[in-house]
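Enquirer: Residue numbers (the working numbering): 679 to 854.
Mind having a look at this structure? Questions to follow.
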Ligand SMILES: [Fe+2]
Ligand SMILES: [Fe+2]
């Protein structure tokens, strides 16, 4: 684990207080096979689902301290909020993916750890306003905000690097 996309904090830097605290909050979750396996799935255009979950977890942790939520619960719910193992771009689901995957992520998360009621709420409602009901806890607000922020960064960053690469090649070939 190196960084959350868009963050200057190296999450392996044990001299950084945010990195140390954040690692302490989620280290046990990263050991689960169910979490590690998220690295095999693409979430947003070349960003793996594991990296997306780390991004959301880290930003949930940071947002939590601003809005008065519990940073540990926010970080843990952020890491587990997309704990599902199918390719949402291709695989068929019983309901629309946007409605279905929060319920599945909650079900999967319950199988590996005990969740507090605010962690459950944060996972289930992270797609707000698409999912039923308003987030009931500050931790849920932190996770839903972090998810939108991280997803926007991932899409913009990847499209940015994609087009920058194309432009670079265009000029590189032009100089030959
Ligand atoms: Fe999601
Ligand atoms: Fe997400």
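Beta carbons are placed, not taken as given, at the ideal position from N, Cα and C, and that holds for glycine.
Residue 720 bridges to which residues according to DSSP?
Expert: Position 42 of the chain shown, counted from the start, is the residue given in the question as residue 720. Paired residue(s): 726.
Enquirer: When you compare the stretch 713-723 with the stretch 682-700, are there three or more beta-carbon pairs, one atom per stretch, that lie closer than 8 Å?
Expert: Flag = no, the stretch 713-723 and the stretch 682-700 do not touch.
Enquirer: Would residue 749 and residue 755 be called neighbours here (beta carbons separated by less than 8 Å)?
Expert: Residue 749 sits at position 71 when you count from the first residue of the chain shown. Residue 755 sits at position 77 when you count from the first residue of the chain shown. No. Outside cutoff.
Enquirer: Does the Cβ of residue 686 have 16 or more other Cβ atoms within 10 Å, making it buried, or fewer, making it exposed?
Expert: Within the chain shown, residue 686 is the residue found at index 8, counting from 1. Label assigned to residue 686: exposed.
Enquirer: Taking 8 Å as the threshold (C-beta atoms), are residue 704 and residue 782 in contact?
Expert: By 1-based counting over the chain shown, the position of residue 782 is 104. By 1-based counting over the chain shown, the position of residue 704 is 26. No, the Cβ-Cβ distance between residue 782 and residue 704 is not below 8 Å.
Enquirer: Between the stretch 805-821 and the stretch 764-772, do at least 3 Cβ pairs fall closer than 8 Å?
Expert: Judged by Cβ distances under 8 Å, the stretch 805-821 makes no contact with the stretch 764-772, as fewer than three pairs qualify.
Enquirer: Rounding to the nearest angstrom, what Cα-Cα distance links residue 836 and residue 830 in this structure?
Expert: As a working note, residue 836 is residue 158 in the chain shown. As a working note, residue 830 is residue 152 in the chain shown. Their Cα atoms are separated by approximately 10 Å.
Enquirer: For residue 828, tell me which candidate among 804, 718, 798, 845 has the shortest Cα-Cα distance.
Expert: One-based indexing of the chain shown puts residue 828 at position 150. Closest option to residue 828, Cα to Cα, is 804.
Enquirer: Considering only heavy atoms of ligand 2 and the C-beta of each residue, which residues fall inside 5 Å, strictly closer?
Expert: Working through the chain, the matches are 760, 825.
Enquirer: For ligand 1, is there a heavy atom less than 7 Å away from the beta-carbon of residue 679?
Expert: Looking up residue 679 in the chain shown gives position 1. Answer for residue 679: no, Cβ out of range of ligand 1.
Enquirer: DSSP three-state label for residue 763, please.
Expert: The sequence position of residue 763 within the chain shown is 85, counting from 1. Coil.
Enquirer: Looking only at DSSP bridge pairs, what is residue 688 linked to?
Expert: Residue mapping note: residue 688 aligns to position 10 of the chain shown, counting from 1. DSSP lists 681 as partners of residue 688.
Enquirer: Excluding the five sequence neighbours on either side, which residues of its own chain have a C-beta within less than 8 Å of the C-beta of residue 688, listed in chain order?
Expert: Start at 1 with the first residue of the chain shown, and residue 688 comes out as number 10. Hits under 8 Å: 680, 681, 694, 697.
Enquirer: If I measure Cβ to Cβ from residue 780 and keep anything under 8 Å in the same chain, skipping five residues before and after, which residues do I get?
Expert: What you label residue 780 is simply residue 102 of the chain shown in a count that begins at 1. Cβ within range, chain order: 759, 801, 802, 803, 804, 805, 809.
Enquirer: Applying the 10 Å Cβ sphere with the 16-neighbour rule, what's the burial state of residue 795?
Expert: Counting from one through the chain shown, the residue named residue 795 turns up at place 117. So residue 795 ends up on the exposed side.
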